[in-house]
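S.K.:
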Amino acid sequence: MAGGSVSECKEYLFKVLVIGELGVGKTSIIKRYVHQLFSQHYRATIGVDFALKVINWDSKTLVRLQLWDIAGQERFGNMTRVYYKEAVGAFVVFDMTRGSTFEAVSKWKHDLDSKVKLANGSPIPSVLLANKCDQKKDGSNNTAPMDNFCKETGFLGWFETSAKDNINVDEAARFLVENILANDKGLPYEESNGDRVKLDQETVAAESKSGCC
Amino acid sequence: MAAEGLPCEFDVVILGTGLVESVVAAACSRVGQRVLHLDRRSYYAANWASFTFNGLLDWIQRRQEPPPQPDELQDWSSLLEEGEELIYLCNADSSSVSNVQVFSFTREEEESVSPPSTTEEEEAAAAAEVEEAEEETTQSTDIKEKESKEETFNEEDDGQAAGVDGEEHEAPPPDNQSRKKVSYSELLDKGRRFNIDLVSKLMFSRGSLIDLLIKSNVSRYAEFKNVSRILTCRHGNVEQVPCSRADVFGSRQLSVVEKRKLMRFLTSVVEETEQQTAYSGRPYLDFLCEQQLGDNLQHFLLHSIAMVTEDTPTEEGLASTRHFLRCLGRYGNTPFLFPVYGLGEIPQCFCRMSAVFGGIYCLRHTVHCLLLDKSNNRCKAVIDSRGQRISCSHFVVEEGYVATERKKVVTPTRSISRAVLITDASVLPAHSDQQVSLVTVPPVAAGAPVVKMVELCSSTMTCIPGTYLVHLTCQSVGSAYEDLSPVVTRMFNTPESHDQETCPSVLWCLYFNMVDGSGVQVQGHDLPPNVYVCSGPDGGLGHEHAVTQAESIFRNILPDEEFCPPAPNPEDIIYDGDSAPSTGEEEKQGEEKGEEEAGQSERGEGTGVEEVGQSESGEE
Ligand SMILES: Cc1cc2nc3c(=O)[nH]c(=O)nc-3n(C[C@H](O)[C@H](O)[C@H](O)COP(=O)(O)OP(=O)(O)OC[C@H]3O[C@@H](n4cnc5c(N)ncnc54)[C@H](O)[C@@H]3O)c2cc1C
Ligand SMILES: Nc1nc2c(ncn2[C@@H]2O[C@H](COP(=O)(O)OP(=O)(O)OP(=O)(O)O)[C@@H](O)[C@H]2O)c(=O)[nH]1
Ligand SMILES: [Mg+2]
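Protein sequences, first through last, are from chains A and B.
The opening residue of the first sequence carries number 1 in full-length UniProt numbering; numbering runs sequentially from there.
The opening residue of the second sequence carries number 1 in full-length UniProt numbering; numbering runs sequentially from there.
1. Buried or exposed for residue 549(B), please, with buried defined as at least 16 other CB atoms from any protein chain shown within 10 angstroms of its CB.
2. Would you say residue 157(A) lies against chain B (beta-carbon separation less than 7 Å)?
3. Going by beta carbon distance, what residues of the same chain come within less than 7 Å of residue 214(A), once the five residues before and after it are set aside?
4. Less than 7 Å between CB atoms is the rule here; does residue 199(A) satisfy it with respect to chain B?
5. State whether the segment 413-423 of chain B contacts the segment 500-512 of chain B, with contact taken as three or more CB pairs (one from each stretch) at a distance under 8 Å.
6. Go through its chain and collect everything with a Cβ distance to residue 187(B)'s Cβ below 6 Å, but skip five positions before and after it.
7. Indicate the three-state DSSP secondary structure (helix, strand or coil) for residue 119(A) in the structure shown.
8. By how many angstroms is the C-alpha of residue 423(B) removed from the C-alpha of residue 633(B)?
9. Run through the DSSP bridge pairs and tell me what residue 473(B) is partnered with.
10. Report yes if the C-beta of residue 40(A) is less than 6 Å from at least one heavy atom of ligand 2; otherwise report no.
11. My assumption, with CB atoms under 8 Å, is that residue 402(B) sits in contact with residue 533(B). Please give the rounded CB distance.
12. Pick helix, strand or coil for residue 349(B), following the three-state DSSP scheme.
13. Within the 7 Å Cβ cut-off, does residue 182(A) reach chain B?
14. For residue 373(B), which residues of its own chain have a beta-carbon under 7 Å away from its beta-carbon, when the five flanking residues on both sides are left out?
15. Would you tell me roughly how many angstroms separate the C-alpha atoms of residue 397(B) and residue 197(A), rounded to the nearest one?
16. How far does the alpha helix (DSSP H) with residue 57(B) in it extend, from its first residue to its last?
17. Would you say residue 547(B) faces chain A, with C-beta separation under 7 Å as the test?
18. Check whether the Cβ of residue 221(B) lies closer than 7 Å to any Cβ atom in chain A.
19. Would residue 174(A) and residue 348(B) be called neighbours here (beta carbons separated by less than 7 Å)?
20. Taking the alpha-carbon positions, what's the residue 12(A) to residue 178(A) distance?
21. Can you name the start and end residues of the alpha helix (DSSP H) that residue 550(B) belongs to?
22. Go to residue 32(A), then tell me how far its alpha helix (DSSP H) extends in each direction, as first and last residue.
23. Measuring from the CB of residue 134(A), is there a heavy atom of ligand 2 at a distance below 6 Å?
24. With distances taken from CA atoms, which of 141(A), 92(A) and 195(A) is nearest residue 125(A)?
25. Taking its Cβ as the centre, do 16 or more other Cβ atoms sit within 10 Å of residue 496(B), making it buried, or is it exposed?
26. Compare the C-beta of residue 229(B) with all C-beta atoms of chain A and state if any pair is closer than 7 Å.
27. What did DSSP end up calling residue 202(B) once you bin it into helix, strand or coil?
28. Could you check whether the Cβ of residue 51(A) sits closer than 6 Å to any heavy atom belonging to ligand 2?
29. Rounded to the nearest angstrom, what separates residue 658(B) and residue 63(A) at their Cα positions?
30. For residue 162(A), is the beta carbon positioned less than 6 Å from some heavy atom of ligand 2?
31. Between residue 224(B) and chain A, is any beta-carbon pair separated by less than 7 Å?
32. Would you mind sorting residue 631(B) into buried or exposed? The rule is 16 or more other CB atoms within 10 Å of its CB.
33. So if I threshold CB-CB distances at 9 Å, which residues from the segment 353-370 of chain B count as touching chain A?
34. At least one CB of chain A closer than 7 Å to the CB of residue 44(B): is that the case?
35. What's the C-alpha gap between residue 26(B) and residue 390(B)?
36. In angstroms with no decimal places, state the Cα-to-Cα distance between residue 167(A) and residue 96(A).
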C-alpha cells in the first residue's frame with residue numbers, strides 16, 4: 001500500500017491489522033495511540049472501521065497508518081477478506097492477566113499468515129503485544145520464554161504495553177513501522193495499482209459533466 | 001479463537017451470504033438492528049463467491065460427489081413451546097449448479113516444480129527450460145486421484161465424451177505448443193493468486209450497485225478497474241467497438257461517413273422522438289435499419305451498445321442504448337467497472353459493513369428450522385445447527401435453503417450457462433497487455449444463444465501474470481458445454497479447434513450451469529410473512545436485480561428507516577473518553593442521528609453483545 005513519491009517527500013499508506021481475543025484491549029490500544037484517550041468502560045466496538053495515524057517519520061517520509069480493528073462482532077474467526085486485504089503489518093494482542101488470551105495467540109497468528117502475504121510470499125510483519133501490563137501481578141521476568149515464543153511463532157518481537165498508562169504503545173508502533181518500511185523496498189506489484197478506481201462521495205461531487213459522446 | 005455460543009435474541013437473522021442477503025445485512029445493521037448473519041458454507045458469498053484456483057477445484061469436486069446424506073432429520077419438537085409449530089429448512093444447495101465439466105490442456109511436468117523460494121523471473125526461466133526439455137503430455141485435472149474417473153477421449157469421439165455430466169476429461173495434447181508456458185503445476189502453485197468468480201457480471205458505472213456502494217460508503221472496501229474496451233466478434237474476427245467520442249474519432253475501422261453517422265445517431269438517440277415512438281413494439285433492428293447506418297454500425301449498436309437481440313422491441317433497445325450512454329465517461333472509456341480481486345469481494349464488503357455496525361458473523365453454521373407462532377402466523381425464532389433457539393423478528397434466507405414442499409416453483413426454471421477459461425493471451429492483443437474487455441458474441445448459429453464474454457487481465461488480481469481469465473455467460477439453451485463450447489472452439493485454440501494457432505490457447509476450462517436468479521420466485525411461498533426469500537445471481541450483465549430485491553426486502557422489514565445511509569468516515573470519528581465514538585457529522589445532523597447513537601450504546605450494553613463478550617472461549 002505504498003503511496004507514490006512526491007518529489008523529495010515519500011508518502012506511505014500502511015494498513016495494519018489489530019487482532020486478538022475479546023476484551024484484550026485492541027480498541028483501547030488504537031484509541032490510546034491515535035487519540036491519546038483511554039476509557040475504563042468496556043463496550044463492544046461498533047461503527048469504527050479503522051483509525052488513522054499520521055506519522056512524520058523523518059524529514060523525507062510521511063507515513064499514514066491505518067489501524068484496522070476487528071469489527072465489533074466479526075469475532076468468530078470468520079473475518080471477510082476485506083479485512084485482511086492488502087494489510088502490510090499486524091499487531092496480535094493478548095491480555096497479560098488472562099492466560100487463555102495468550103493461548104489463542106498462535107491461532108490468530110496462524111490465521112493471519114494463511115490469509116495474507118507480502119508480494120514476495122513471506123508473511124506480513126507482526127508484533128505481539130502483551131497488554132494491560134499495568135495490572136501485572138508479579139514482578140517476574142519472562143523475557144527469555146517470550147523471545148523464544150516469538151521466534152517460533154514468527155513474530156518480529158513483543159512489547160509489554162498498557163493502553164491505560166500509555167506504556168510502550170508508541171514504541172511498538174514505531175518498531176512495526178520500521179519493519180514495514182524495510183520490507184517496502186522490494187514491493188514490486190504496487191506500481192501496477194496506479195490505475196485502480198476508488199469510488200467515493202468526493203469523486204461523485206467533483207465528477208465532470210463530461211457525460212457521453 | 002472463536003467465542004462460543006451466540007446471543008439468543010436478534011432483530012434479524014439472515015441465512016446465506018450472497019449479494020442480496022449481504023446488502024440486507026449491512027442495511028439493517030447500519031440502522032441499529034441486531035443482525036445475525038450465517039452461512040452453512042465455509043466461505044462467504046454463496047453462488048456469488050470467487051475462489052482461488054485450488055479453491056475452485058475443491059468446489060468442483062464437491063459438485064461431483066454424490067450429495068451428502070441429508071442430516072437425519074433431528075426432532076426439535078422438544079424445543080417447542082405452547083402454540084408453536086416447526087418449519088424445516090433444507091440443506092441442499094447443490095441443485096443450483098449442474099453439468100459441471102472440466103478440461104485441462106496444460107502440459108504435465110515431470111520434474112518437480114521450482115522451489116518456492118525462487119523469484120518470479122527464475123520461475124519463468126525454469127518453466128521455459130522445462131518446456132524445451134520435456135515431452136508433451138496432458139495433465140489430468142484430477143488432483144485428488146482416488147475419486148476421479150478418468151476418461152481419455154480423442155478427437156473423433158470427444159463430442160460424446162464431453163456430453164457426460166460431472167466427469168473430468170483428459171484432453172489430447174494440443175498440436176501447437178509454441179506459446180504454452182504455464183503448466184498445470186504452476187496454476188496450482190500460484191493458485192492463490194487467482195480469484196475466479198462463479199458469476200460473471202460487470203458494474204454499470206451509473207448502475208444501482210455503484211450508486212449504493214457510493215451512497216453507503218461501502219465503496220471504501222473495494223477498488224475497481226475500468227473495463228478498458230468493448231469488443232465484438234464479427235465474421236469470425238474480434239473487433240473493437242468504438243463507444244466514446246474519442247474512440248469514434250480515433251477508430252480506424254470506421255470510415256469518415258460512418259463516424260459522422262454514428263455520432264449523429266448517438267446524439268439523437270438520447271432524446272425521444274416521434275420516429276422512435278412509431279417503432280414501439282417493432283424490433284430495434286428494424287429501427288436501426290431505417291437509420292441507414294450500414295452493417296458495421298448496426299452490428300455495434302445492436303450487439304455491443306444496446307446488447308440486445310435482433311427481435312428486441314425498439315423501446316427496450318433504445319432504453320438500453322441510453323443507459324449505456326449515461327454510464328459512459330463517468331470513470332473511463334467504457335460504461336463499466338470491475339472490482340479488483342473479483343466480484344466475490346462485493347458481498348463481503350457489505351458483510352464487513354454489517355460487522356462494523358455490530359452484525360455477528362458465523363460461517364459453517366446454519367438454521368435447521370423456524371419456529372412459527374401459530375397465533376399470528378409469524379416466525380418468532382429459529383433453531384440453529386447447534387440446537388440453540390434464537391428469537392428474531394425477521395428471517396431473511398437464500399432461496400436454496402427453502403424446502404421444496406414450501407416452494408412455489410416456476411416452471412420451467414431458467415438457467416445460465418457459464419464457462420471459465422484460463423488462457424495464455426488476449427483475444428485481441430493491444431499495445432498494453434493489461435486490458436479488461438467485454439466481448440459481445442452474437443449467436444454463432446440460428447437458435448444459438450447470445451454470449452457475453454469478459455476477459456480479465458492479471459492486474460485485476462484475478463489471475464497470474466501471463467494468463468487471462470475469461471468468463472463466458474449466456475441464457476441456457478442446452479448444457480453449458482453445448483451452449484458455449486462452439487464459441488470457445490471458434491475464438492480460442494483448443495484441441496478441438498482447427499488452424500487457430502494464432503488464437504489464445506486455453507490452458508484450463510470449466511463449464512457449468514447455474515439456476516438463473518431472475519427466474520426464481522421470491523414471493524408466494526408457503527412461508528410466514530416475516531420470512532423473506534432472496535434469489536441467487538441472475539443472468540443479467542449488471543446488478544440491478546439483486547440491489548432492487550435487497551432494497552425491497554429492507555423496506556418490508558423497516559419501512560421507516562433509510563436504506564444504507566453513509567457510514568461515517570473513520571477519519572471523522574471523534575472519541576470523547578467515555579462514550580461511544582461519535583462523528584462531527586452526526587452532531588450536525590442533530591436528533592435523528594442522536595437517537596441512532598443511543599440505539600447503538602444500548603446495544604453495546606445490552607444482553608446480546610455482553611453475553612458474547614463474557615463467554616470466553618475455552619477451546620484449544
Ligand atoms: C481479496 C484478496 C485480497 C488479497 N490481498 C492481498 C494482499 O493484500 N497482500 C498479499 O500479499 N496478498 C493478498 N492476497 C493474496 C494474493 O492474491 C496472493 O495470494 C498472495 O499475494 C501471494 O500468495 P502466495 O504466496 O500464495 O502466491 P504465490 O503465487 O505462491 O507467490 C507469489 C510470489 O511469491 C513467491 N513465493 C511463493 N511462495 C513463496 C515462498 N514460500 N517463499 C518465497 N517466495 C514465495 C512466488 O514465486 C511469487 O513470486 C489477496 C487475496 C485476496 C483474495
Ligand atoms: N488496566 C488496563 N485495562 C485495559 C487496558 N487496555 C484495555 N483495558 C480495558 O480492557 C477492556 C477491554 O478493552 P477494549 O479495548 O474494549 O478491548 P477490545 O480488544 O477492543 O475488545 P473487543 O472489541 O470486544 O474484542 C476495557 O474495559 C478497557 O478499559 C490496559 O492497558 N490496562
Ligand atoms: Mg474492540
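The beta carbon of each residue, even a glycine, is placed where N, CA and C say it ideally should be.
Treat the numbers as computed from the prediction; the structure is a model and nothing was measured.
M.R.: According to the data block:
1. buried
2. no
3. One cannot answer for residue 214(A) here, as it falls past the ends of chain A, which runs 1 to 213.
4. Cβ-Cβ to chain B under 7 Å: yes for residue 199(A).
5. yes
6. Excluding its 5 nearest sequence neighbours in each direction, residue 187(B) has C-beta neighbours in its own chain below 6 Å: 53, listed in chain order.
7. coil
8. This structure leaves residue 633(B) out entirely; chain B is present only between 1 and 620.
9. 418(B) and 452(B)
10. yes
11. 6 Å
12. helix
13. Not one beta carbon of chain B lies nearer than 7 Å to the beta carbon of residue 182(A).
14. 83, 84 and 380
15. 33 Å
16. Annotation for residue 57(B): the continuous alpha helix (DSSP H) segment containing it runs 53-64.
17. no
18. yes
19. no
20. 12 Å
21. 544-557
22. Annotation: the continuous alpha helix (DSSP H) that includes residue 32(A) extends over 26-35.
23. Within the cutoff, so yes.
24. 92(A)
25. buried
26. no
27. coil
28. no
29. Any property of residue 658(B) remains undetermined from this structure, which presents chain B solely from 1 to 620.
30. Set against 6 Å, the gap from the CB of residue 162(A) to the closest heavy atom of ligand 2 is smaller.
31. yes
32. This structure cannot speak to residue 631(B), because chain B is shown only from 1 to 620.
33. 353, 354, 355, 356, 357, 358, 359, 360, 361, 362, 363, 364 and 365
34. yes
35. 20 Å
36. Take the alpha-carbon of residue 167(A) and the one of residue 96(A): they are about 14 Å apart.
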